[in-house]
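Peer 1: One structure coming up, written as structure tokens, with questions to follow.
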Amino acid sequence: FGIGDSYLRALDFQNKMIKIHKHVLLTPVPGEENQLAFSLIKNDCAIIISYSGQTKSTYGTVLYLKKKGIPIITITSNPESKIAVLSNIVLPIPNKESINIKITPLYSQFCVEYILNVLYVYLFVLDYDKNLQNKTELETTMVDTRF
Numbered sequence: 799f800g801i802g803d804s805y806l807r808a809l810d811f812q813n814k815m816i817k818i819h820k821h822v823l824l825t826p827v828p829g830e831e832n833q834l835a836f837s838l839i840k841n842d843c844a845i846i847i848s849y850s851g852q853t854k855s856t857y858g859t860v861l862y863l864k865k866k867g868i869p870i871i872t873i874t875s876n877p878e879s880k881i882a883v884l885s886n887i888v889l890p891i892p893n894k895e896s897i898n899i900k901i902t903p904l905y906s907q908f909c910v911e912y913i914l915n916v917l918y919v920y921l922f923v924l925d926y927d928k929n930l931q932n933k934t935e936l937e938t939t940m941v942d943t944r945f
């Protein structure tokens, strides 16, 4: 779950996870986060990306996920935020940007991307041989359709 630039980092993470046969769900329609939260089951895990940890709509989603018993991992610069305190795991990023005068979220998004890349690499290595085999199989069995 993420809004704006955080959503774009989540899309990149989803793309990587598909390649190792891990299913990451994102809602393609802004404002449908609660529908996505409603569809999760206890075997799922929610990853929340929120620099401030205070986004009102995300907070409501997290309250619902907590009530439903869904494990929550939050990536935030504010480990004491309302969202973070409801989370099972908080992965903090440095708080180096002013929320009020943030011209570009470059620094925070770089940090989020780094954490998501570390999670991806960790999951890849957990089943390294299978993931490497799948990668090789995909490359050798897919037909090149370029003209």
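Residues in the sequence shown are numbered consecutively from 799, following my numbering.
C-beta: ideal position from N, C-alpha, C; glycine also.
Suppose you measure from the CA of G858 to the CA of F922; what does that come to, to the nearest Å?
Peer 2: On the sequence shown, residue 858 is found 60 positions in, with the first residue counted as 1. On the sequence shown, residue 922 is found 124 positions in, with the first residue counted as 1. Distance between the alpha carbons of G858 and F922 is about 32 Å.
Peer 1: According to DSSP, simplified to helix, strand and coil, what is L889?
Peer 2: The residue you call residue 889 lines up with position 91 of the sequence shown. In this structure, L889 counts as strand in the three-state DSSP scheme.
Peer 1: Between F978 and E831, how many whole angstroms is the CB-CB distance? I'm expecting something under 8 Å.
Peer 2: The requested residue 978 does not occur in the structure, where the chain is confined to residues 799 to 945.
Peer 1: How would you label C843, buried or exposed, when you count the other beta carbons within 10 angstroms and need 16 or more for buried?
Peer 2: Taking the first residue of the sequence shown as 1, we reach residue 843 at position 45. Exposed, because fewer than 16 other Cβ atoms sit within 10 Å of the Cβ of C843.
Peer 1: Restricting to Cα atoms, I'd like to know which of P892, I871, F836, A882 is closest to K854.
Peer 2: Against the sequence shown, residue 854 aligns to sequence position 56. Nearest of P892, I871, F836, A882 to K854, Cα basis: A882.
Peer 1: Count the other CB atoms within 10 Å of the CB of V888; is the residue buried (16 or more) or exposed (fewer)?
Peer 2: By one-based count along the sequence shown, residue 888 stands at place 90. V888 comes out buried.
Peer 1: Determine which residues share a DSSP beta bridge with G800 and list them.
Peer 2: The residue given as residue 800 occupies position 2 in the sequence shown. According to DSSP, G800 bridges with I847.
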